[in-house]
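Only one structure is covered here, and it is reproduced in the block below.
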Amino acid sequence: MNPFMNPVILRLLLLILHLVPPSKEGVQVVLVQDAKVLGTYSIVFVAPGQYTYQFKGNWEEGKSFTAERSLLYSYLYTAYPDPKGEPVAVSLIKELEALSIPKDGNSSVVGEKEAAITLTRIGSLFLLGSESTKLVCIIPIGVSK
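Sequential numbering of the sequence shown, starting at 30, is according to my numbering.
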């Protein structure tokens with residue numbers, strides 16, 4: 030299954046791009062689902078606004094794909110309207126503008142109900158999680174904004 034077929038997973042991936050700065054060396058993001066490590070994403074900066082994801086692990090929805098950190102790739106999520114009828118791209122941009130990076134031990138929530146994603150800061154890690162998909166992304170703080 031293409032990861033872009035699940036709007037919650039898509040939102041998680043776009044939030045990761047929001048948190049990860051440009052790096053040609055690659056940033057390792059660990060994915061955990063139902064308390065099982067699925068694998069890691071290596072997110073590599075290609076050009077301004079463009080990143081390449083390479084997935085290593087057993088997650089069938091992951092595999093590998095490319096995404097861009099700009100409106101140039103909005104066609105990927107215009108097909109997934111949220112409950113308010115807006116494309117995910119539109120609502121996610123609004124949510125990112127409102128997202129506050131939490132202090133250590135605190136959380137911020139993006140979205141509502143089953144589409145809610147929680148960003149938690151614990152020591153040297155960010156945990157980005159979705160209750161509806163039971164998916165958690167672990168991002169080292171040293172590479173976050």
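Note that beta-carbon positions come from the ideal geometry of N, C-alpha and C, so glycine has one too. On a predicted model such as this, the values are computed, not experimentally measured, just so you know.
Straight-line gap, isoleucine 146 to leucine 157 (C-alpha atoms, nearest Å): Distance between isoleucine 146 and leucine 157, taken at the CA atoms: about 7 Å.
Residue burial classification, isoleucine 168 (beta-carbon count within 10 angstroms, cutoff 16): Burial state of isoleucine 168 is buried, judged by a 10 Å Cβ sphere holding 16 or more other Cβ atoms.
Euclidean distance between Cα positions of threonine 149 and serine 136: The C-alpha of serine 136 is placed about 4 Å away from the C-alpha of threonine 149.
Residues bridged to proline 169 (per DSSP): Partner(s): Leu154.
Proximity below 8 Å, CB of cysteine 166 to CB of valine 58: The beta carbons of cysteine 166 and valine 58 sit closer together than 8 Å.
Nearest candidate by alpha-carbon position, reference isoleucine 151, set Val139, Asp63, Pro131 and Thr69: Selected option, being the one with the closest Cα: Pro131.
Cβ-heavy atom distance, leucine 157 to the ligand NAP, below 7 Å: With respect to the ligand NAP, the structure offers nothing, as it holds no ligand at all.
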